[in-house]
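Asks: Below is the structure I would like to discuss, written out as structure tokens.
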Amino acid sequence: MQRSLKVIFLLILAMVLGLTACSKGGSSASGPDGKVNLTMTIWGSENEKKIYQERLDIVKQTYPDINVKLNLVAGDYDQKVQTMIAGGTALDIMMIAENYQAYASKKQIIALDDMIQTNNVNMSERYSEDIMNLMKYDGKQYGMPDRAGAMILFYNKDLFDKAGVKYPSKDWTQQDLMDAAQKLTVKENGKTIQWGYYPGSWWPQWMQLIYQNGGSLFDQEGKPTFNTEPVRNALQFMNDLTFKYGVGPTPTEIADMGNIGADPLFAQGKIAMETTGFWNIGSLAKVEGINWDIASIWGETNAFFNGFTITNASEHKEEAFKVIEALTTLNGQMPLIKAGQDAPATKAGLSSDEFLNAEYGGKKINMAAFSESKIYAEPFNPKWNEMMKLINDKLSVYFNNKASLDDTVTQIQSGMEKLYP
Amino acid sequence: MKQKDGKWFYIFISPWLIGFVGLTLGPILFSIYMSFTNWDLFQSPSFIGLDNYKTLLTDDPLFWKSVGNTFFYALISIPLGMAISLCIAYYLNKKIKGITFFRILFYLPSVVPVVASSLLFVHLLAPSKGLINKALALLGIQGPAWLLDPNWVKPALILMSLWGVGGGVVLLLAGMKGIPQELYEAAAIDGAQSTQSFFHITFPMLTPVIFFNLVTGIIGALQTFAQVFIVTSGGPDNASQMVVPYLFQNAFQFYKMGYASAIAWVLFIMIMVLTLLIFRSSALWVHYEEGKTNE
Numbered sequence: 001m002q003r004s005l006k007v008i009f010l011l012i013l014a015m016v017l018g019l020t021a022c023s024k025g026g027s028s029a030s031g032p033d034g035k036v037n038l039t040m041t042i043w044g045s046e047n048e049k050k051i052y053q054e055r056l057d058i059v060k061q062t063y064p065d066i067n068v069k070l071n072l073v074a075g076d077y078d079q080k081v082q083t084m085i086a087g088g089t090a091l092d093i094m095m096i097a098e099n100y101q102a103y104a105s106k107k108q109i110i111a112l113d114d115m116i117q118t119n120n121v122n123m124s125e126r127y128s129e130d131i132m133n134l135m136k137y138d139g140k141q142y143g144m145p146d147r148a149g150a151m152i153l154f155y156n157k158d159l160f161d162k163a164g165v166k167y168p169s170k171d172w173t174q175q176d177l178m179d180a181a182q183k184l185t186v187k188e189n190g191k192t193i194q195w196g197y198y199p200g201s202w203w204p205q206w207m208q209l210i211y212q213n214g215g216s217l218f219d220q221e222g223k224p225t226f227n228t229e230p231v232r233n234a235l236q237f238m239n240d241l242t243f244k245y246g247v248g249p250t251p252t253e254i255a256d257m258g259n260i261g262a263d264p265l266f267a268q269g270k271i272a273m274e275t276t277g278f279w280n281i282g283s284l285a286k287v288e289g290i291n292w293d294i295a296s297i298w299g300e301t302n303a304f305f306n307g308f309t310i311t312n313a314s315e316h317k318e319e320a321f322k323v324i325e326a327l328t329t330l331n332g333q334m335p336l337i338k339a340g341q342d343a344p345a346t347k348a349g350l351s352s353d354e355f356l357n358a359e360y361g362g363k364k365i366n367m368a369a370f371s372e373s374k375i376y377a378e379p380f381n382p383k384w385n386e387m388m389k390l391i392n393d394k395l396s397v398y399f400n401n402k403a404s405l406d407d408t409v410t411q412i413q414s415g416m417e418k419l420y421p
Numbered sequence: 001m002k003q004k005d006g007k008w009f010y011i012f013i014s015p016w017l018i019g020f021v022g023l024t025l026g027p028i029l030f031s032i033y034m035s036f037t038n039w040d041l042f043q044s045p046s047f048i049g050l051d052n053y054k055t056l057l058t059d060d061p062l063f064w065k066s067v068g069n070t071f072f073y074a075l076i077s078i079p080l081g082m083a084i085s086l087c088i089a090y091y092l093n094k095k096i097k098g099i100t101f102f103r104i105l106f107y108l109p110s111v112v113p114v115v116a117s118s119l120l121f122v123h124l125l126a127p128s129k130g131l132i133n134k135a136l137a138l139l140g141i142q143g144p145a146w147l148l149d150p151n152w153v154k155p156a157l158i159l160m161s162l163w164g165v166g167g168g169v170v171l172l173l174a175g176m177k178g179i180p181q182e183l184y185e186a187a188a189i190d191g192a193q194s195t196q197s198f199f200h201i202t203f204p205m206l207t208p209v210i211f212f213n214l215v216t217g218i219i220g221a222l223q224t225f226a227q228v229f230i231v232t233s234g235g236p237d238n239a240s241q242m243v244v245p246y247l248f249q250n251a252f253q254f255y256k257m258g259y260a261s262a263i264a265w266v267l268f269i270m271i272m273v274l275t276l277l278i279f280r281s282s283a284l285w286v287h288y289e290e291g292k293t294n295e
């Protein structure tokens, strides 16, 4: 009895160890015929997977000896990729967005500068400077930007015509936005039935105003600068839009509409202007009976981007670089551009006929707005998620007009000083 | 013969044992170690002793706020839920035509996934267009902006928790069905009123079920996650933040796996102590009918 018990426990232990050992086995290896197998993870829909597969097929024509296995991660991308890395799953190329710095600071992805040089890639020919800078950390290039659409201003032409307001242009200022929004707000029996603009509480909305005011979240030495005039003015402007002039829905009104976002409200013609990313173009193209167009933001703004990075664990970094280099040429981006899925990050892509003359919902729109946009150096850092929670916790109360501006900025400033000592 | 049985026992139970050792016990032990390190999920962890616990207990107001919120929620939602489920079970035990329909009706909500019911409550709790505030308006009460108001967001979550009382009702109902009819008959002969027989027969006979509901209810309430994650994200300004969503944030959004492990262990100790206290107290109020059968 005693002995058989011991044997069984040993067996169990052996099986458990065996299982964990199995999971360490890599799949990224050289094949017998000199071919190299790589794994690449992306997020998105099945439809997007098809587009990436097409792009990889194009790359394959240049590098027939490199096989790339595409892995579409469904659900929480970061959490799953982290688990894959921590579990030792072989991964060579990763699509990453704004939190690439977390991965870079933890040495999970590598700086590409050396390979960019040895492969003679002219980065400033490929990207505009502000887009190239989007994937820098500590002065080094950690990713090849692939998709980078600036935030743009969507406006409802019919509502503008009805109110007799001139269409927005890139020469607008914050004041022009405010003036237009006031003229575009319609009240009936004391209730607002149409808002001029939807400021919301999403970080790209308020953060762009800070940078437009000449401010930032950190100074040159990396010390937080939340309690400064440009920040205060930006936040005050946001609250004035909603609570002083009533040109945007309040959090209560938004909750009453079932926590509806700006996109559906704009599609319903209930707001005349909204600022958001490229994806809304595709959504609006499917809406009938709305006459809309896009314009560049009235100053510096954010870009919604992602790019390709190479993992530190990859055994084929050179080959991986060849693949991501080829994916970010005009040729390699073409399926993405043709599908109208997103704004390409490259200069060539943004100025290509396929991108500029694409039709959405049967008509051409002002696609040049993307290349005309100015993008500020977004304050990404390894503690981005923690910082955003800290800020959003306080701003959600302020944007509901339930806290003073003074308290809000001093609390956020002291929280950030603790986070970035 | 006996020895042989023992061997077969272990062979048949081994799939479960392997799963338990590999998937549960292993990670649990691993997390003890991790709670003493600064593991960030990627780089190899370095040992930092009790630092995580020190920070957690002395220098993290958010942790204490989430503990406070969690206990506030548990302290009100559990007794309230148990009282209501007892009430409902009592009336569903009556012999009325069509009672099965009502039993299904009350149980149905607990079959709905939390995610779906959470989204439903976002609409029900809307400040002026939500059904709950509209109903209050009919009574002349102006309802609060539930999910946007730091004072009302926890009551809102408690209200949501009552949606799922049906699970407890089913157990209580089964318990009621198991109470021998003779007890009631004997009481009736002695001249007991229906309230008397409820408090002297039904309630004592149900205490094992109530005890079970209490223990599982406490564990469930202290581990609340989905409702907070979906409905409020802990807001406004952490007024509805609870321990497990806070743990999740630290682990997977802030890359502080070591710190999150420490939170998990502090929570575990809290739940353990509470459960032990309730088990200890059970001798005083839980009534077991010993050894007797009706025949």
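Those protein sequence lines, which keep their order, are chains A and B.
With the first letter of the first sequence counted as 1, position 251 gets the number 251 in UniProt numbering; the numbers rise by one all the way through.
With the first letter of the second sequence counted as 1, position 175 gets the number 175 in UniProt numbering; the numbers rise by one all the way through.
Every residue, glycine too, gets a C-beta built ideally from N, C-alpha and C.
(1) Along the chain, where does the alpha helix (DSSP H) containing GLU289 of chain B start, and where does it finish?
(2) Hey, out of A:THR311, A:THR346, A:LYS170 and A:ALA403, whose CA is closest to SER373 of chain A's CA?
(3) For LYS364 of chain A, which option in A:ASN401, A:ILE294 and A:LYS394 has the closest C-alpha, if you only look at C-alpha atoms?
(4) To the nearest angstrom, how far is the alpha carbon of VAL165 of chain B from that of TYR91 of chain B?
(5) Using 10 angstroms around the beta-carbon of GLY332 of chain A, count the other beta-carbons present and answer buried if the total reaches 16, otherwise exposed.
(6) Among the candidates A:GLY299, A:LEU184, A:TYR376 and A:PRO251, whose CA atom is the shortest distance from the CA of THR173 of chain A?
(7) Tell me, please, whether the segment 201–218 of chain B touches the segment 238–249 of chain B by the rule of three or more beta-carbon pairs shorter than 8 Å.
(8) Would you please state the rounded distance, in angstroms, between the beta carbons of LEU327 of chain A and ASP146 of chain A? I believe it to be under 8 Å.
(9) Between which two residues does the beta strand (DSSP E) containing TYR155 of chain A stretch?
(10) Are the segment 136–154 of chain A and the segment 96–116 of chain A touching by the rule of at least three beta carbon pairs closer than 8 Å?
(11) Look up ASP393 of chain A in the DSSP assignment and say whether it is helix, strand or coil.
(12) Three-state secondary structure (DSSP) at ALA255 of chain A?
(13) Span of the alpha helix (DSSP H) holding VAL323 of chain A?
(14) Reducing DSSP to helix, strand and coil, say where GLN341 of chain A ends up.
(15) Compare the C-alpha of PHE211 of chain B against each of B:LEU17, B:TRP8, B:LYS177 and B:MET82 and name the closest.
(16) Are the C-beta atoms of THR242 of chain A and some chain B residue less than 8 Å apart?
(17) If you draw a straight line from the C-alpha of ALA267 of chain A to the C-alpha of SER31 of chain B, how long is it?
(18) Tell whether a beta-carbon distance below 8 Å holds between LEU265 of chain A and TYR198 of chain A.
(19) Output the boundary residues of the beta strand (DSSP E) element that contains VAL186 of chain A.
(20) Along chain A, in chain order, which residues have C-beta atoms closer than 7 Å to that of PRO127 of chain B?
(21) Would VAL122 of chain B count as contacting chain A if we go by Cβ distances under 8 Å?
(22) Closer than 8 Å, CB to CB, is PRO45 of chain B near chain A or not?
(23) What number of angstroms, rounded off, separates the C-alpha of GLY307 of chain A from the C-alpha of ALA181 of chain A?
(24) State the Cα-Cα distance for the pair PHE101 of chain B and LYS338 of chain A, rounded to the nearest angstrom.
(25) Going along the chain, which residues of its own chain have a beta-carbon closer than 7 Å to the beta-carbon of ASN213 of chain B, five neighbours each way excluded?
(26) From A:ILE109, A:THR118 and A:ALA148, pick the residue whose C-alpha is nearest to that of SER128 of chain A; which is it?
(27) Using the C-alpha atoms, what's the distance from GLU289 of chain B back to GLY175 of chain B?
(28) When the Cα atoms are used, what is the spatial distance from LYS292 of chain B to TRP285 of chain B?
(29) Who are the neighbours of ASN400 of chain A on chain B, taking C-beta pairs under 8 Å?
(30) With a threshold of 6 Å on Cβ separation, who are the neighbours of ASP40 of chain B within its own chain once the five nearest residues in sequence on each side are excluded?
(31) Per DSSP, what are the beta-bridge partners of LYS363 of chain A in this structure?
(32) Considering only their Cβ atoms, is the gap separating LYS394 of chain A from THR408 of chain A smaller than 8 Å?
(33) Looking at the structure shown, is SER14 of chain B part of a helix, part of a strand, or coil, going by DSSP?
(34) Counting beta carbon pairs with one atom in the segment 129–141 of chain B and one in the segment 109–120 of chain B, are three or more of them shorter than 8 Å?
(35) Taking only beta carbons into account, state which residues of the segment 307–326 of chain A come closer than 8 Å to chain B, listed in chain order.
(36) Helix, strand or coil: how does DSSP classify GLY248 of chain A here?
Replies: If we stick to the structure as given:
(1) GLU289 of chain B -> no alpha helix (DSSP H), and no H or E assigned at all.
(2) A:LYS170
(3) A:ILE294
(4) 14 Å
(5) buried
(6) A:GLY299
(7) no
(8) 7 Å
(9) 152–156
(10) yes
(11) helix
(12) helix
(13) 317–327
(14) coil
(15) B:MET82
(16) no
(17) 48 Å
(18) yes
(19) 186–188
(20) THR252, ALA255 and ASP256
(21) yes
(22) no
(23) 35 Å
(24) 56 Å
(25) MET82, GLY168 and LEU171
(26) A:ALA148
(27) 12 Å
(28) Per-residue confidence for LYS292 of chain B stands at a pLDDT of 48, beneath the threshold of 50, marking its modelled position as unreliable; the derived number appears in the next sentence. Answer to the nearest angstrom: the Cα atoms are 20 Å apart.
(29) LEU148 and PRO236
(30) TYR255
(31) A:TYR360
(32) yes
(33) helix
(34) no
(35) none
(36) coil
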